[in-house]
Each structure stands twice: as C-alpha cells, then as structure tokens.
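Heads up: the sequence shown at position 33 corresponds to 33 in my numbering, and the numbers run straight through without jumps. Using N, Cα and C, we set each Cβ at its ideal position, and we do this for glycine too. The structure appears below as structure tokens.
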Amino acid sequence: SFLSSPAAMNTDDALISLLVMAGIILLVGACRQLAYRGLRRTTNWFNFAQELTATFQICVALWLTYIFTVLHGWTLAGSVGNPASSIQQFYKGQLGSAAWCLQTGALALIWMLGFTTGHSRALPDICSNPIQTTISNAFGLEFLFSFLLHLTLLQFQAMSPTMKVHLVALLITSFVYAGGHLTGAVFNPALAFSLHGSCFIDQFWNYLVVYCIAPCAGEGFFYFHIWTDKDP
C-alpha cells in the first residue's frame with residue numbers, strides 16, 4: 001500500500017488547512033446569499049453567480065478529499081486499510097490464510113463501528129442507491145480505479161514516502177472527481193459495505209459485483225499480469 005513507511009505529520013499545517021476549508025465554505029455561503037439578494041431579479045447573472053460559487057465549493061470539497069487522504073497517508077504508515085489491496089500480500093505469501101482472514105475481518109469490523117454519522121446510519125437507512133449508471137459501467141469504473149491505483153504504486157514504489165503520499169492523494173481525488181457521481185469512487189469493499197449496508201441487503205448481487213468483485217478483480221488483474229512480471 002501507499003502507507004508503506006512512517007512520516008511525521010505536521011499538525012499545525014493540517015489544522016490550518018481545515019480552518020481554511022471551513023472559512024471558504026462559509027465564504028461561499030455568504031456569496032450565494034448576497035447573489036440571491038442582489039441578482040435574483042436578473043436571471044442570467046443570478047444563475048451565473050450560483051454556478052460560479054457552486055463550482056468553487058465543489059473544488060474545495062475535492063481539495064478536502066486530497067487533504068484528508070494525505071493525512072491518512074502520513075498517520076497510518078504501514079497499514080493497508082483495503083481488503084482489495086491485502087489480496088496482493090496474500091498472493092505473495094506475505095500473509096498466511098488465517099492472518100489474511102483476520103486482517104480482512106478487522107477492516108470490515110472497524111468500518112462498521114459507526115464512527116461517523118454516515119457509517120452509523122448506513123445499515124438501518126433505506127438504500128440511497130449510489131450507483132447512478134449501469135452495473136456494467138459501475139463495475140468497469142471500480143475495476144479501473146483499483147487497477148490504476150495499484151499500477152501507480154508499482155511505478156512509483158521507489159519514490160520517497162513524503163512525495164508518494166501526495167501523488168496517491170492526487171490520484172484518489174481525481175478518481176472522486178471523475179467517478180464519484182456515478183459510483184462514489186470507493187474501490188474499497190469494507191468501506192462500501194459500511195457506507196451502503198442497506199443497499200447490500202436490498203440489491204446484494206449488484207453491490208457485491210460493483211463494490212467487492214470489481215476492486216478485487218482490478219487488483220488481481222494488476223498482480224497477475226503486471227506485478228508478477230516485475231518480481232524476481
């Protein structure tokens with residue numbers, strides 16, 4: 001995984017980044033209120049102002065995704081956090097069968113403990129249906145995201161951990177931008193189940209294919225067709 005070696009986290013920088021994000025979101029809200037008060041009678045300019053501020057806030061949200069991914073990379077060195085990624089360790093003999101099952105079970109359990117509102121309400125809620133495209137397209141997206149992530153990690157495995165964590169964060173942010181509105185760009189079976197547990201109950205096979213089989217298949221395809229060619 002990209003969390004392959006320890007690196008110190010700059011807490012002050014992280015706090016400043018979060019405060020900046022909060023300030024920008026408040027600023028966007030204020031701008032939209034001003035636009036409503038001053039431009040609502042001129043439809044074209046009002047629509048322009050609304051779209052401008054909305055796009056700006058979306059960019060802020062993507063930047064927030066980037067920041068949090070970097071923070072995870074800095075603070076969770078040596079961890080995998082994704083059952084699809086742990087398959088590679090299992091294939092290479094770095095994890096025994098029992099250890100792999102325990103690790104995968106731990107990942108699923110931790111995601112399901114409900115540390116956030118979204119996770120704690122996922123199971124009892126009605127399925128929010130995050131798949132906004134055909135099942136085949138959704139499978140292709142999750143497969144591709146998983147494959148590209150592991151391919152990038154291989155190509156830049158010699159890069160310093162400090163730089164690599166930024167590269168991976170940028171890649172994941174681009175995935176969220178490209179596919180977040182279609183599948184959520186999860187490519188993590190444990191995370192998907194914790195967020196959309198009720199969907200797995202209502203449409204088990206569809207969600208199993210998209211959020212479990214697709215990312216594991218993407219990682220497996222990468223390992224068998226690319227990684228093994230580079231192993232001594």
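DSSP places Ala214 in the uninterrupted alpha helix (DSSP H) bounded by 214 to 222.
For Ala169, same chain residues with a beta-carbon under 7 Å away, outside a window of 5 residues either side, are Tyr66, Thr69, Val70, Gly73 in chain order. In this structure, the beta-carbon distance from Phe156 to Ala217 does not fall below 8 Å. Counted as a single uninterrupted DSSP element, the alpha helix (DSSP H) harbouring Ser174 occupies residues 161 to 179.
By the C-beta criterion, the stretch 128 to 148 is judged to be in contact with the stretch 197 to 206, since at least 3 inter-stretch pairs fall below 8 Å. In this structure, Phe147 sits near Phe221, with a CB-CB distance shorter than 8 Å. Exposure of Thr42 is indicated by the presence of fewer than 16 other C-beta atoms within 10 angstroms of its C-beta. Only buried fits Cys212, as 16 or more other CB atoms lie within 10 angstroms of its CB. Within the same chain, and ignoring the five residues on either side of Cys31 in sequence, the residues whose Cβ sits closer than 6 Å to its Cβ are Thr53.
Boundaries of the alpha helix (DSSP H) harbouring Gly197: 197 to 202, taken from the DSSP string. DSSP, read as helix, strand or coil, puts Phe187 in coil. By the C-beta density criterion, Gly179 is buried, having at least 16 other C-beta atoms within 10 angstroms. Straight through space, the alpha carbons of Thr183 and Phe175 are spaced by roughly 10 Å.
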